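Asker: Encoded as structure tokens, here's the structure I'll be asking about.
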Amino acid sequence: NQQIHLKYHQYLQNMKFSCGTRFAFLVLFLFTAQSVAVYAGSFHKDVKIHWGDGRGKIRDRDGKLLSLSLDKSSGSGFQSNQEFLYGRAEVQMKLVPGNSAGTVTTFYLKSPGTTWDEIDFEFLGNISGHPYTLHTNVYTQGSGEKEQQFHLWFDPTVNFHTYCITWNPQRIIFTVDGIPIREFKNTESMGVPFPKNQPMRLYASLWEAEHWATRGGLEKTDWSKAPFTAFYRNYNVEGCVWANGKSSCPGNSPWFTQKVDFEGQKKMKWAQSKYMIYNYCTDKRRFPRGVPAVCT
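Each residue of the sequence shown is one higher than the one before, counting from 1 in the UniProt record's numbering.
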């Protein structure tokens, strides 16, 4: 009982950083074995640091904390060991503090090939005292151009915050600290491609893009501040694992049919009305002949 109450107390402390619903919280508490499974992943067993020549490091024995670093020679990154065809990917991140201009910190899903699918969280650094830009995008068959960008309602460099991608056959949901900020629905009936056929791996990286990342490239990277370091913790991916040409889905997974409910819609409207700084659906200069069909 003492162990259960300790788990419950720890979950309450981190509740605002979960991308589940209040109902999910109740279920998870009632089934305490599930409550610790929310963050059951381990960087040791679930991912491979696949580039960076030692700049990516797992920081603890249990594999809960990982850092990525960037200097003038190279950035770094990791990828999931498994591929997924639909899933829910969640991680807590603490971004590069101070002058992070020209840096890009990412957490995304991507398939291989020249006509790839991709679902992006990208955090574009800035000069000290100015906010990060959270850049989201969805690629289908190698075509993106579905960007929405946000400033955050907190400083993402001070504490860890939770970022979650839910990808199911009906929609893709981006959430920040449990608040939906974007929903990309499956509108294939309108002729809009939706990522549904290509299994994707989970990736994260820290790299340099000073030619475009900060104010369109006007602010350059101050390499005297290097190395730049971002931290990832409590990585967890639940999904339909792709192996031997087919996917295997866990039974009765809530994320597979998850929608943005009424309360979620209110929160998303709040986030978009107060913190969205770019929406491709309203960019008439970019689309003078009319915005893409998915926006209508």
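Beta carbons are placed, not taken as given, at the ideal position from N, Cα and C, and that holds for glycine.
Remember, predicted model here, so these are calculated numbers, not experimental data.
Within 10 Å of its beta-carbon, does Val91 have 16 or more other beta-carbons around it, so buried, or fewer, so exposed?
Answerer: The sequence position of residue 91 within the sequence shown is 91, counting from 1. Its Cβ being crowded by 16 or more others within 10 Å, Val91 is buried.
Asker: When DSSP builds the beta bridges, which residues end up paired with Gly56?
Answerer: Reading the sequence shown from its first residue, position 56 is the one you call residue 56. Its beta-bridge partners are Leu68.
Asker: Mapping the DSSP letters down to three states, classify Val158 as helix, strand or coil.
Answerer: Residue mapping note: residue 158 aligns to position 158 of the sequence shown, counting from 1. Three-state result, Val158: coil.
Asker: Roughly how many angstroms lie between the CA atoms of Arg289 and Asp62, to the nearest whole one?
Answerer: Locating residue 289 in the sequence shown gives position 289, where the first residue counts as 1. Locating residue 62 in the sequence shown gives position 62, where the first residue counts as 1. Each residue's Cα considered, the two are about 54 Å apart.
Asker: So, using beta-carbon positions, are Glu118 and Leu124 closer together than 9 Å?
Answerer: Within the sequence shown, the letter at position 118 stands for residue 118. Within the sequence shown, the letter at position 124 stands for residue 124. Contact: no.
Asker: Considering only the beta carbon of each residue, do Lys220 and Gly102 sit closer than 9 Å?
Answerer: Taking the first residue of the sequence shown as 1, we reach residue 220 at position 220. Taking the first residue of the sequence shown as 1, we reach residue 102 at position 102. Cβ atoms of Lys220 and Gly102: closer than 9 Å.
Asker: Do three or more CB pairs link the segment 132-152 to the segment 57-72 at distances below 8 Å?
Answerer: The segment 132-152, when compared against the segment 57-72, does not touch it at the 8 Å Cβ threshold.
Asker: Relative to the C-alpha of Ser111, which candidate in Lys196, Asn244, Glu238 has its C-alpha closest?
Answerer: As a working note, residue 111 is residue 111 in the sequence shown. That would be Lys196, whose Cα lies nearest to the Cα of Ser111.
Asker: Applying the criterion that 16 or more other CB atoms from any shown protein chain within 10 Å of the CB defines a buried residue, is Arg286 buried or exposed?
Answerer: Taking the sequence shown and counting its residues from 1, one reaches residue 286 at position 286. Classification of Arg286: exposed, given that the 10 Å Cβ count is below 16.
Asker: Compute the Euclidean distance between the alpha carbons of Lys7 and Asn159, then round it to the nearest angstrom.
Answerer: In the sequence shown, counting from the first residue as 1, residue 7 sits at position 7. In the sequence shown, counting from the first residue as 1, residue 159 sits at position 159. In this prediction, Lys7 scores a pLDDT of 45, lower than 50, which makes its location untrustworthy; the coordinate-derived value is nonetheless stated afterwards. The straight-line gap from Cα to Cα measures roughly 21 Å.
Asker: Report, in whole angstroms, the separation of the C-beta atoms of Pro180 and Lys267, which I expect to be a contact under 8 Å.
Answerer: For the purposes of this step, residue 180 is identified with residue 180 of the sequence shown, where counting begins at 1. For the purposes of this step, residue 267 is identified with residue 267 of the sequence shown, where counting begins at 1. 6 Å between Cβ atoms; contact.
Asker: Where Ile49 and Arg201 are concerned, what is the direct C-alpha to C-alpha distance, given to the nearest angstrom?
Answerer: In the sequence shown, counting from the first residue as 1, residue 49 sits at position 49. In the sequence shown, counting from the first residue as 1, residue 201 sits at position 201. Ile49 and Arg201: Cα-Cα distance of roughly 13 Å.
Asker: Can you tell me where the beta strand (DSSP E) holding Lys246 begins and where it ends?
Answerer: The residue you call residue 246 lines up with position 246 of the sequence shown. Where Lys246 is concerned, the enclosing beta strand (DSSP E) stretches over 246-248.
Asker: Compute the beta-carbon to beta-carbon distance between Arg182 and Phe174, rounded to the nearest angstrom, for a pair I have assumed lies under 8 Å.
Answerer: The residue you call residue 182 lines up with position 182 of the sequence shown. The residue you call residue 174 lines up with position 174 of the sequence shown. Contact flag correct, Cβ pair sits at about 4 Å.
Asker: How big is the Cα-Cα spacing for Phe43 and Lys284?
Answerer: As a working note, residue 43 is residue 43 in the sequence shown. As a working note, residue 284 is residue 284 in the sequence shown. Distance between the alpha carbons of Phe43 and Lys284: 43 Å.
Asker: Look at Phe84 and Tyr203 and say whether their C-beta atoms are less than 9 Å apart.
Answerer: Residue 84 sits at position 84 when you count from the first residue of the sequence shown. Residue 203 sits at position 203 when you count from the first residue of the sequence shown. No, they are not a contact pair.
Asker: Using DSSP bridges, identify the partner residues of Arg171.
Answerer: For the purposes of this step, residue 171 is identified with residue 171 of the sequence shown, where counting begins at 1. DSSP, once it has assigned bridges, lists Lys185 as partnering Arg171.
Asker: Taking the beta carbon of Ala293 as the centre, do at least 16 other beta carbons fall within 10 Å, making it buried, or is it exposed?
Answerer: What you label residue 293 is simply residue 293 of the sequence shown in a count that begins at 1. By the neighbour-count rule (16 or more Cβ atoms within 10 Å), Ala293 is not buried but exposed.
Asker: Thr229 and Ser73 look like a contact to me (Cβ under 8 Å); what is the Cβ gap, rounded to whole Å?
Answerer: For this step, residue 229 is matched to residue 229 along the sequence shown. For this step, residue 73 is matched to residue 73 along the sequence shown. Actually they do not touch by this definition, with Cβ atoms about 15 Å apart.
Asker: How many Å lie between Val241 and Val291 at the Cα?
Answerer: Residue 241 sits at position 241 when you count from the first residue of the sequence shown. Residue 291 sits at position 291 when you count from the first residue of the sequence shown. For Val241 and Val291, the distance between alpha carbons rounds to 35 Å.
Asker: Under 6 Å Cβ to Cβ from Tyr278, same chain only, skipping five residues before and after it: list those, please.
Answerer: Here residue 278 corresponds to residue number 278 of the sequence shown, with the count starting at 1. Taken in chain order, the residues that qualify are Gln149.
Asker: Thinking C-alpha only, which one of Trp270, Leu152, Asp71 is nearest Pro227?
Answerer: Translated into positions along the sequence shown, residue 227 becomes position 227. Among Trp270, Leu152, Asp71, the Cα nearest to that of Pro227 is on Asp71.
Asker: Can you give me the C-alpha to C-alpha distance between Lys259 and Leu65, rounded to a whole angstrom?
Answerer: Here residue 259 refers to the residue found at position 259 of the sequence shown. Here residue 65 refers to the residue found at position 65 of the sequence shown. Taking the straight line from one Cα to the other gives about 30 Å.
Asker: Per DSSP, which one or two residues make a beta bridge with Trp242?
Answerer: As a first step, residue 242 is located in the sequence shown; it is residue number 242 there, counting from the start. Per DSSP, Glu83, Ser247.
Asker: According to DSSP, which residues form a beta bridge with Phe43?
Answerer: If you number the sequence shown from 1, residue 43 lands on position 43. According to DSSP, Phe43 bridges with nothing at all.
Asker: Sort Lys269, Phe262, Ser248, Gly239 by Cα distance to Trp255 and report the nearest one.
Answerer: By one-based count along the sequence shown, residue 255 stands at place 255. That would be Gly239, whose Cα lies nearest to the Cα of Trp255.
Asker: Measure the CB-CB distance between Thr105 and Ser224 and report whether it falls below 9 Å.
Answerer: To locate residue 105, count along the sequence shown from 1; it is residue 105. To locate residue 224, count along the sequence shown from 1; it is residue 224. Contact: no.
Asker: For Ser205, write down the residues that DSSP places opposite it in a beta bridge.
Answerer: For the purposes of this step, residue 205 is taken as the residue at position 205 of the sequence shown. Bridge partners of Ser205: Gly77, Thr106.
Asker: Please report the distance separating the alpha-carbon of Thr157 from that of Val96.
Answerer: The residue labelled residue 157 in the question sits at position 157 within the sequence shown. The residue labelled residue 96 in the question sits at position 96 within the sequence shown. Their Cα atoms are separated by approximately 6 Å.
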